[in-house]
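Trainee: One line per chain: the protein sequences are L and C, in this order. So for the first sequence, this note's numbering puts the first residue at 1; every next one is plus one. So for the second sequence, this note's numbering puts the first residue at 223; every next one is plus one. We put the CB at the ideal spot given by N, CA and C, even for glycine. Please read these numbers as outputs of a predicted model, since none were measured by experiment.
There are 2 protein chains.
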Amino acid sequence: MANHATQTSFALRHFRRSEFLARPTEHSDNLYRIQEGWAGQYRLLKDGRRQITALFLPGEYCEPQWLLGASATLPVVALTPLRAYAIPLDQISRRPDHLGDSAARVFSGMLKAMRGRERWIVNLGCLTATERICDLICEVYDRLEGTGQTIKNRCAMPLTQYEIADIVGISPVHVNRVLQGLRGTGIIELRNRRLVLCDPAALRHMSGPPATVGSSAAIAEP
Amino acid sequence: MANHATQTSFALRHFRRSEFLARPTEHSDNLYRIQEGWAGQYRLLKDGRRQITALFLPGEYCEPQWLLGASATLPVVALTPLRAYAIPLDQISRRPDHLGDSAARVFSGMLKAMRGRERWIVNLGCLTATERICDLICEVYDRLEGTGQTIKNRCAMPLTQYEIADIVGISPVHVNRVLQGLRGTGIIELRNRRLVLCDPAALRHMSGPPATVGSSAAIAEP
DNA sequence: CGTTTGTTTGAAATAACTCAACGGGAGTGG
DNA sequence: CCACTCCCGTTGAGTTATTTCAAACAAACG
Numbered sequence: 001m002a003n004h005a006t007q008t009s010f011a012l013r014h015f016r017r018s019e020f021l022a023r024p025t026e027h028s029d030n031l032y033r034i035q036e037g038w039a040g041q042y043r044l045l046k047d048g049r050r051q052i053t054a055l056f057l058p059g060e061y062c063e064p065q066w067l068l069g070a071s072a073t074l075p076v077v078a079l080t081p082l083r084a085y086a087i088p089l090d091q092i093s094r095r096p097d098h099l100g101d102s103a104a105r106v107f108s109g110m111l112k113a114m115r116g117r118e119r120w121i122v123n124l125g126c127l128t129a130t131e132r133i134c135d136l137i138c139e140v141y142d143r144l145e146g147t148g149q150t151i152k153n154r155c156a157m158p159l160t161q162y163e164i165a166d167i168v169g170i171s172p173v174h175v176n177r178v179l180q181g182l183r184g185t186g187i188i189e190l191r192n193r194r195l196v197l198c199d200p201a202a203l204r205h206m207s208g209p210p211a212t213v214g215s216s217a218a219i220a221e222p
Numbered sequence: 223m224a225n226h227a228t229q230t231s232f233a234l235r236h237f238r239r240s241e242f243l244a245r246p247t248e249h250s251d252n253l254y255r256i257q258e259g260w261a262g263q264y265r266l267l268k269d270g271r272r273q274i275t276a277l278f279l280p281g282e283y284c285e286p287q288w289l290l291g292a293s294a295t296l297p298v299v300a301l302t303p304l305r306a307y308a309i310p311l312d313q314i315s316r317r318p319d320h321l322g323d324s325a326a327r328v329f330s331g332m333l334k335a336m337r338g339r340e341r342w343i344v345n346l347g348c349l350t351a352t353e354r355i356c357d358l359i360c361e362v363y364d365r366l367e368g369t370g371q372t373i374k375n376r377c378a379m380p381l382t383q384y385e386i387a388d389i390v391g392i393s394p395v396h397v398n399r400v401l402q403g404l405r406g407t408g409i410i411e412l413r414n415r416r417l418v419l420c421d422p423a424a425l426r427h428m429s430g431p432p433a434t435v436g437s438s439a440a441i442a443e444p
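Structure representation (structure tokens):
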């Protein structure tokens, strides 16, 4: 799908697990397009609590905010061994064939990132532990499907239960119990970093009620 | 500070409590600058659960995303009676004296909004009920202080306990008990929609540990 | 083969929720 | 001015979801 020549015209960088793609203090002069592996943006509190605020999957651009000239606000770390193309910022506007109209791309990228963050706020604020985990699984699967990385309800799932815990805001051992529950009811299979959605409909049903459409009442507290 | 002529050159619109500033379906052709009153962006789930994803306070621009030409993604509602200037989108680029370089303004506005969302993800994912409420109070106070709307540790606080609950993701009655605890220890006073920070240092201390700086270890799970 | 990293399990503790009811204040209409 | 309602804050008691601690186990790794 992608032009092979333009793909290889950028430097392919390798990262080990836990290696930084970005740190808040240092200024980054390029943008990454992930080729293989998963990355995560997170925030760490002084007492050790950690919250992962975004996931970056293969095929996705990591941190479009950087295009705005600012340095990263939160660290981004490789959650698995990772390969990514480093796209120098100053080349982006000169390559309409590759990144298209840069301003429009950046805008739409930021809007998408914003919606992702809003989605997770709702997730963390409203949903139960089981719903959050099901929703995470659905989101990951859908994003991988969007870039053709799924086959017949199967996809990669390299996240540690500790990492899932830091995404969905519940404790690691509770993540374990919820996952066991899901496996026990035959909704998913999850072994060896591979995920199978045995019953996608049931899974979506468990990931919380859908949002209402716009025309509903502003405030309805019975 | 603001030029009176430019201020009054935009239409001042009034909203009753619970009235919409924006609805997801309809296309909005202007941006609001809030003059007085509070607004909130939220999402409502089919079973009645609601999560407020952003607050808009006097002096702030409501929904800079609209500048990108897209319609609103989530509804925005007046949480109090509200007055706001409606700034037509097509006038923004023609008025460098008022909004400055529009592209740069929009970018920085989006970045700020993004950081706000990230902050709330961390808040909802990591903090306890008391910490979340203290953090909300701190954030609101700081934002009001930034636009000169505080006097000697006092500011407005028109949010209902139900609304606070839908911001911090805990139940209304628990919000009540947490607030009583804070009042009981003399850290804050909160009566008649007015807030007093009796002990700002203690309040900040209760709003959770600060974030680590960038140079810390990527993963530290003891 | 030992060491580390990740998963699984149990039992006790606790944070937060639900349900239900009461009370005060602010409007509103008679 | 009273009675009414509605919205909001406050309480209490019982329940549930989730956490914590601790330990054992399995799998990956050098």
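1) Go to Pro310 (chain C), then tell me how far its alpha helix (DSSP H) extends in each direction, as first and last residue.
2) For Asn176 (chain L), collect the residues of the same chain with a Cβ closer than 8 Å to its Cβ; drop the 5 residues on either side in sequence, then sort them by chain order.
3) Could you compute how far the alpha carbon of Pro318 (chain C) sits from the alpha carbon of Arg413 (chain C)?
4) Does any residue of chain L have a CB that is nearer than 8 Å to the CB of Met332 (chain C)?
5) Does any C-beta atom of chain L lie closer than 8 Å to the C-beta of Arg399 (chain C)?
6) Buried or exposed, going by whether 16 or more other CB atoms sit within 10 Å of the CB of Gly37 (chain L)?
7) Between the Cα of Ile410 (chain C) and the Cα atoms of C:Leu358, C:Pro303, C:Ala335, C:Ser393, which residue gives the shortest distance?
8) Which class does His14 (chain L) belong to by DSSP, given the choice of helix, strand or coil?
9) Let's see if you can read the secondary structure: which residues bound the alpha helix (DSSP H) around Arg365 (chain C)?
10) Buried or exposed: Pro310 (chain C), going by 16 or more other Cβ atoms within 10 Å of its Cβ?
11) Which residues in chain L have a C-beta closer than 7 Å to the C-beta of Arg426 (chain C)? List them in chain order.
12) Near Cys348 (chain C), what residues of its chain come up, given a Cβ to Cβ distance below 8 Å and the 5 sequence neighbours on each side ignored?
13) Could you check how far apart the C-beta atoms of Gln263 (chain C) and Pro280 (chain C) are, in whole angstroms? I think they sit under 8 Å.
14) With the cut-off set at 8 Å, would you say Pro297 (chain C) and Ala244 (chain C) are in Cβ contact?
15) Using 8 Å for Cβ pairs, my map puts Leu301 (chain C) next to Ala261 (chain C). What's the rounded Cβ distance?
16) The beta strand (DSSP E) that contains Asn30 (chain L), what's its start and end?
17) Quick one: which chain C residues come within Cβ less than 9 Å of Leu45 (chain L)?
18) Can you tell me where the beta strand (DSSP E) holding Arg265 (chain C) begins and where it ends?
Mentor: Once the coordinates are examined:
1) Unbroken run through Pro310 (chain C) is the beta strand (DSSP E), 304-310; no alpha helix (DSSP H).
2) Gln161
3) Caution applies to Pro318 (chain C), whose pLDDT of 48 falls short of 50 and renders its modelled position unreliable; the model cannot decide the point.
4) yes
5) no
6) buried
7) C:Leu358
8) strand
9) 351-368
10) exposed
11) The contacting residues do not exist; Arg426 (chain C) stays about 13 Å from chain L at best.
12) Gly430
13) The Cβ separation is near 16 Å, so there is no contact.
14) yes
15) 6 Å
16) 30-36
17) Val344, Cys348, Leu349, Gly430, Pro431, Pro432, Ala433, Thr434
18) 261-266
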